[in-house]
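Asks:
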Amino acid sequence: MTALNRDIPSIAHTTLTRRQKAAIVVRFLMNEGADINLTQLPPALQANLTKEIAELRLVDRATLSQVIEEFANELDAVGFSSRGGLADALKLLDGKITPQTAKKLREDAGVRLFE
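If you count by this note's numbering, then the sequence shown holds residues 944 to 1058, one letter each, in order.
Shown next, in the form of structure tokens:
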């Protein structure tokens, strides 16, 4: 090990948190040219991710491969993702549920009629 390598902390896969893994994946994808829009994340998550990326130092190839493989496996396991809440659910089910049910759900949740 050279003197230079001793000064750069290495990240070992066995000690990684989910936040660190996310930072590695985002950094890797962006290094590969992916245009990732993180503005839809809550501000606190954007800040946490930015801090984790800033703290990344040396990630060895084996660790990078393991993290990317784990990420790919998690993506493969996802059937679909839905984050739209009640407003999107009501749009999806428009004409499939009674207008009275939709109105009641909107009233209960405080969703405006014309979003």
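Built from N, CA and C at the ideal position, the CB exists for glycine as well.
1) Tell me the start and end of each unbroken alpha helix (DSSP H) in the segment 959-1000 that is at least 4 residues and wholly inside, in chain order.
2) Would you mind reading off the limits of the alpha helix (DSSP H) that contains V1010?
3) Rounded to a whole number of angstroms, what is the C-alpha to C-alpha distance between E998 and R970?
4) Give the straight-line distance between the Cα atoms of R1004 and E1012, rounded to the nearest whole angstrom.
5) Are there three or more Cβ pairs, one per stretch, closer than 8 Å when the segment 1037-1046 is compared with the segment 985-1000?
6) Whose C-beta lies closer than 6 Å to the C-beta of L981 among residues of the same chain, with five residues either side of it excluded?
7) By Cβ distance, which residues of its chain are closer than 6 Å to K964, with the 5 residues on each side in sequence left out?
8) With a threshold of 16 other CB atoms inside 10 Å of the CB of L1033, please say whether the residue is buried or exposed.
9) Between the alpha carbons of A966 and L992, how many angstroms are there, rounded?
10) Quick one: residues in its chain with C-beta nearer than 8 Å to the C-beta of E975, no 5 flanking neighbours on either side, listed in chain order?
Replies: Straight from the coordinates:
1) 961-974 and 986-998
2) R1004 to A1020
3) 12 Å
4) 12 Å
5) no
6) Q989
7) V1010
8) buried
9) 6 Å
10) none
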